[in-house]
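Structure first, then comments.
Numbering (the numbering used here), first residue to last: 1 to 518.
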């Protein structure tokens, strides 16, 4: 379940959005005489307080697709839990359910100004930042908790403090109570991040490493984290460049690009990338937002620094020559030569296709001229039959022969697949290269997924009745008949199960009897 709270003061606009030209259902309202009068009555209560800015709270609650349509009672229970957590008991509110979308969702809007007091809900005690305590989430502290938590660890805050985290916390609790699809709580998400230190390269990165020979950046996570621990973005860029890496921002949208995240890329192999957030550990995050929070005060954040950045001087780190690096150089040379060959083949194939297209057009014109000259010598009543014979016996045959010859001409220029790094090493090892054999032995074996074969025999196909008989339920109990072997109803792998209802056998004999079954 997803909750999205928003604040405002336009009561009439919100009521119009929720009810005008929308397929909706009013589940409940309280503190107002009707939905139509809700805007005016809430505005009258809100006018009692001239200092409050957020006089309207709009909360949308969306159920997961797997949960289907929730009952009215469940929705009202969820709304009551949210109202209690936000401290809005006794305030006017309306619950509207929209029915014009695929996913089930409701909208709730409250007047944050109490009609009795003319004020917002009173301040409540919350834990201070960095003072998280076991079994106490983002909600306001109860009377018992206030007595138990030291005053140095708590503070008075307004009723809308951390509203998003509080409504999400209620959603996680309600999901468990009502057996709905569960999302991860912050504690569960943190437990998953704790496994980041033991995380290996993702399957896609492993496959790319086997294909290109590049080292997955996740295997260099420690030195990348060390570079990102710098407190200035320019220093981080310089530290990454020193180990042959670079920063790359990720944008979303086409017209108005919005900065969404950050990736780390290999300078020598730009396709070898890693999301900065994939480096998260249990105690530290490395996403763009978290990195921006750790910069020195007074230094520009990433969005400001990136357009004005200074290009970092990159160099390859000094490495001791080993068998893998020597073989990688040979492989890179072979890849470069393969690209040159493929580019030459592409140009030759493009020229050949142009010549073949011209030849095909000329052939079609010649056949059209031949058909016209032969048709002139025939009577008008004989020409229609002649056109059909000419198309089937002459035109179609000669064009097929020409296309077959063109395919033979194009076959030497077809694209050749470049051997992957794994195939390259395996071929060198088979040829007797000891270095390649050592590298191949150290590589992760290529995993192949094999389908498990059950010992219960071939899978039987269910017979589905024809549409014209689907409404006759009694036909399912009719006696069955055996189909002759020459006209088997099932495929070759399932010939052992040849029983089907009598009405299907009659349909098969009537429509397929003379055609056989391949």
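For every residue, glycine included, the Cβ atom is placed at its ideal position computed from N, Cα and C.
- Contact annotation: residue 326 and residue 435 have beta-carbon atoms nearer than 8 Å.
- For residue 409 and residue 223, the gap between their C-alpha atoms comes out near 53 Å.
- One thing to note: residue 5 has its Cβ no nearer than 8 Å to the Cβ of residue 56.
- As a beta-bridge residue in DSSP terms, residue 108 pairs with 59 and 95.
- In the three-state scheme derived from DSSP, where H, G and I count as helix and E and B as strand, residue 418 is classed as coil.
- Judged by DSSP secondary structure, residue 150 falls outside any alpha helix (DSSP H); it is assigned neither H nor E.
- At a Cβ-Cβ threshold of 8 Å, residue 38 and residue 94 count as neighbours.
- Counting only unbroken stretches of 3 or more residues, the beta strand (DSSP E) elements lying wholly within the segment 193–277 are 245–252, 258–266 and 273–275, in sequence order.
- Excluding its 5 nearest sequence neighbours in each direction, residue 295 has C-beta neighbours in its own chain below 8 Å: 231, 232, 233 and 301, listed in chain order.
- In the three-state scheme derived from DSSP, where H, G and I count as helix and E and B as strand, residue 9 is classed as coil.
- The beta carbon of residue 263 sits closer than 7 Å to the beta carbons of 248, 250, 273, 274, 275 and 276 from its chain, once the five residues preceding and following it are set aside; these are given in chain order.
- Per DSSP, the beta-bridge partners of residue 126 are 155.
- Ranked by how close their Cα comes to the Cα of residue 142, the residues 170, 125 and 384 have 125 in first place.
- Within the DSSP secondary-structure output, residue 28 pairs in a beta bridge with 95.
- Secondary structure of residue 3 (DSSP, three-state): strand.
- Pairing residue 131 with residue 153, the inter-Cα distance amounts to about 6 Å.
- Around the Cβ of residue 91, a 10 Å sphere holds 16 or more other Cβ atoms; the residue is buried.
- Counting only runs that start and end inside the segment 370–430, there is no beta strand (DSSP E) element of at least 3 residues.
- Between residue 331 and residue 390, the gap from beta carbon to beta carbon reaches 8 Å or more.
- Residue 159 sits close to residue 120, with the two beta carbons spaced by under 8 Å.
- One alpha carbon belongs to residue 348, the other to residue 253, and they sit about 39 Å apart.
- In terms of Cβ geometry, residue 420 and residue 210 form a close pair [threshold 8 Å].
- Using a Cβ distance threshold of 8 Å, residue 245 and residue 266 count as a contacting pair.
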